[in-house]
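Inspection log for the structure reproduced underneath, given as structure tokens.
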Amino acid sequence: MIDVKTNELWFATGSQHLYGDKTLKTVAAHAGEIAAELAGSARIPFDVITKPVLTTPDAITQLCTEANSSRNCNGIIAWMHTFSPAKMWLGGLRLLAKPLLHLHTQFNRNLPWDSIDMDFMNLNQSAHGDREFGYMATRLGLNRKVVVGYWRDEAVQGRIASWSRAAAAWSDSQRLKIARFGDNMREVAVTEGDKVEAQARFGYSVQGFGVGDLACSVNRVPDAHVDRLVAEYDDRYVMADSLREGGERRGALRDAAAIELGMRAFLENGGFYAFTDTFQDLHGLEQLPGIAVQRLMEDGYGFGAEGDWKTAALVRAMKVMGVGLGGGTSFMEDYTYDFGEPAKVLGAHMLEVCPSIAAGTPSCEIHPLSIGGKSDPVRLVFTAPEGRAVNASVVQTGNRFRMIVNEVDVVKPDRELPRLPVARAIWVPNPDLATAAAAWIYAGGAHHTGFSQSLTTEHLQDFAEMADVECLCIDKSTQLRQFRNELRWNLSAYR
Numbered sequence: 016m017i018d019v020k021t022n023e024l025w026f027a028t029g030s031q032h033l034y035g036d037k038t039l040k041t042v043a044a045h046a047g048e049i050a051a052e053l054a055g056s057a058r059i060p061f062d063v064i065t066k067p068v069l070t071t072p073d074a075i076t077q078l079c080t081e082a083n084s085s086r087n088c089n090g091i092i093a094w095m096h097t098f099s100p101a102k103m104w105l106g107g108l109r110l111l112a113k114p115l116l117h118l119h120t121q122f123n124r125n126l127p128w129d130s131i132d133m134d135f136m137n138l139n140q141s142a143h144g145d146r147e148f149g150y151m152a153t154r155l156g157l158n159r160k161v162v163v164g165y166w167r168d169e170a171v172q173g174r175i176a177s178w179s180r181a182a183a184a185w186s187d188s189q190r191l192k193i194a195r196f197g198d199n200m201r202e203v204a205v206t207e208g209d210k211v212e213a214q215a216r217f218g219y220s221v222q223g224f225g226v227g228d229l230a231c232s233v234n235r236v237p238d239a240h241v242d243r244l245v246a247e248y249d250d251r252y253v254m255a256d257s258l259r260e261g262g263e264r265r266g267a268l269r270d271a272a273a274i275e276l277g278m279r280a281f282l283e284n285g286g287f288y289a290f291t292d293t294f295q296d297l298h299g300l301e302q303l304p305g306i307a308v309q310r311l312m313e314d315g316y317g318f319g320a321e322g323d324w325k326t327a328a329l330v331r332a333m334k335v336m337g338v339g340l341g342g343g344t345s346f347m348e349d350y351t352y353d354f355g356e357p358a359k360v361l362g363a364h365m366l367e368v369c370p371s372i373a374a375g376t377p378s379c380e381i382h383p384l385s386i387g388g389k390s391d392p393v394r395l396v397f398t399a400p401e402g403r404a405v406n407a408s409v410v411q412t413g414n415r416f417r418m419i420v421n422e423v424d425v426v427k428p429d430r431e432l433p434r435l436p437v438a439r440a441i442w443v444p445n446p447d448l449a450t451a452a453a454a455w456i457y458a459g460g461a462h463h464t465g466f467s468q469s470l471t472t473e474h475l476q477d478f479a480e481m482a483d484v485e486c487l488c489i490d491k492s493t494q495l496r497q498f499r500n501e502l503r504w505n506l507s508a509y510r
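The numbering used here numbers the first residue of the sequence shown as 16 and each following residue consecutively.
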């Protein structure tokens, strides 16, 4: 459902005619070798396309214009092999609307101490050629990522890979459509927001539909299709006795399968890759979508409960960034605490946690929901595995958006949770629960989040930079006094 096979990064190398054709041919050869190395890196999941060496303002402007109009181009990696006078770049960079990474490297790792001469010096001028380019990018106020180091090093390729994944998510966001089934949960503040401003800032559009529209799609699902999906459930999950063939709740499993098929058809037909629903608006549905939402998220859809379209968009972006990486990504909520030692968070939701973060085979169960006034919903129940993770939120703080990221360590539950009928993750926030929760609350972070054991803070920071939104990180080094000062300073920086 997330297709990145046609995604490209364009490798643009700057030089000038001052050095002669022989030098320019060498520059082109070196650029092609670096681009091929990056394209072949196991860390970078996209093709890296070598573009002709750029030596004139017209060529640079043409490249930036072509990048803007290319559906496949996710961004430009720029490198100055020699000195490339930056006024040549002014016109093109002013027009560039795609993400930009400035790779500050050089073709050779080490100085050839015994043979270095002026020919070598004229050819290998990245040390000051990239500074000239950097001045122009700063002068224009361009958001971009700067990566410094030797191009074959894993650390350098890892930082490029992080940016490339964020660029893919940014490209996806420009075309993303989010379907809202029903409205926001009534009287809730943080799930509200300015959809026009969100589209202007992030690119995605949010469209509302009555739940009756979804119910019509569900009612059109043929019984034979339900039969096939229920059989898939039987094969794939540990099925509760009451849901098995002949069980007293087998009909509820069929209702859940029909909801999944109807919801999937509605989203596919409309070109939607993220969606929301709310337990307060279930007109025409037998139960609140549980397993349907979980499986759609596992396939790459973004989701937000209670009409939370900002989190649905964030989860989709995180899904795109994490394609091919280990671990998973899910809609999540800080649900309740354990104030033991160390203090922990039990993350969960009523139903909708993605099985991409399951430690083992999920069990398929049915339990009362207690709210919503509908039949008991079917859901997948599991626990997330141990390991590092990030928990992220995007909120609107008046006239602008803010991303908050907390680095956490997922741990095993202290004991079994035999009566908890929902999927969950247990984590210790960094630097500790008291500091992390206070910082989150000072920053206005939402109770709904995107939770990922695939991504790092760097992925999310890169994405926020592309959107030109504030990004606050809560990690092992966070101190509340400094964090609160950062909030104050950012009031001016992002005014």
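Cβ coordinates follow ideal geometry from the N, Cα and C atoms, glycine included. Small disclaimer: the values here were computed from a predicted structure and weren't measured.
Is residue i helix, strand or coil by DSSP?
i, result
"F416", "strand"
"E501", "helix"
"H32", "helix"
"W25", "strand"
"D424", "strand"
"E485", "strand"
"R235", "coil"
"F290", "strand"
"S257", "helix"
"D391", "coil"
"S371", "helix"
"S84", "helix"
"R124", "coil"
"R403", "strand"
"K40", "helix"
"L470", "coil"
"L111", "coil"
"A363", "strand"
"H119", "strand"
"I59", "coil"
"Q295", "coil"
"Y248", "helix"
"S385", "coil"
"E212", "helix"
"Q77", "helix"
"S492", "coil"
According to DSSP, what are the bridge partners of residue i?
i, result
"S220", "K192"
"M95", "G29"
"V409", "M418"
"K20", "DSSP output for K20 lists no bridge partner at all."
"G90", "L24"
"I64", "W25"
"V396", "S378"
"L69", "G29"
Could you name the residues of the same chain whose beta carbon sits closer than 7 angstroms to that of residue i, not counting the 5 residues immediately before and after it, in chain order?
i, result
"P436", "E380, H382, V396"
"G322", "R195, G197, D198, N199, M200, T206, T291, T293"
"A181", "M336, H474, D477, F478, M481"
"T376", "Y252, V253"
"L115", "G90, I91, A93, L157, R159"
From the options, pick the residue whose C-alpha is nearest to that of residue i; which is it?
i, options, result
"G227", "R195, V425, T206", "R195"
"V162", "A404, M133, H117, E212", "H117"
"I456", "A170, P428, I419, V425", "I419"
"N445", "A438, R439, A453", "A453"
"S467", "T376, G341, S385", "G341"
"I372", "G339, A358, A438", "A438"
"V425", "D249, E401, F416, V409", "E401"
"C369", "K40, R417, Q309, A407", "Q309"
"A332", "W185, M95, Y352", "W185"
"G144", "Q31, L300, T76", "Q31"
"D302", "I274, I59, M278, A328", "Per the sequence presented here, residue 302 reads as Gln, with Asp not at that position. Closest by alpha carbon: I274."
"Q511", "V338, A204, A358", "This structure gives no information on residue 511, because the portion of the chain shown stretches from 16 to 510."
"A363", "G223, Y352, P357", "Y352"
Within a Cβ cutoff of 8 angstroms, which residues of the same chain sit near residue i, ignoring the five residues on either side of it in sequence?
i, result
"A74", "P67"
"K334", "I17, M312, G315, Y316, G317, T344"
"L282", "A194, Y288, F290, L311, Y316"
"K491", "E422, N445, P446"
Leaving out five residues before and five after residue i in sequence, what residues of the same chain have Cβ atoms less than 6 angstroms from its Cβ?
i, result
"T21", "N87"
"F346", "F318, V330, E367"
"F61", "N22, L24, S179"
"R124", "Y165"
"V236", "A273, L276, G277"
"L47", "The sequence shown places Gly at residue 47, rather than the Leu named in the question. Cβ within range, chain order: T65."
ask   = Can you give, in chain order, each stretch of the beta strand (DSSP E) that sits fully within the segment 300 to 352 and has at least 3 residues?
value = Correct list: 317 to 320.
request  = Jot down the residue ranges of each uninterrupted alpha helix (DSSP H) in the segment 426 to 468, minimum 4 residues, whole runs only, in chain order.
outcome  = Annotation note: the segment 426 to 468 contains the following uninterrupted alpha helix (DSSP H) runs of length 4 or greater, listed N- to C-terminal: 448 to 458.
task = Note down, one range per segment and in chain order, each alpha helix (DSSP H) of at least 4 residues found wholly within the segment 132 to 209.
result = 133 to 138, 141 to 154, 169 to 188
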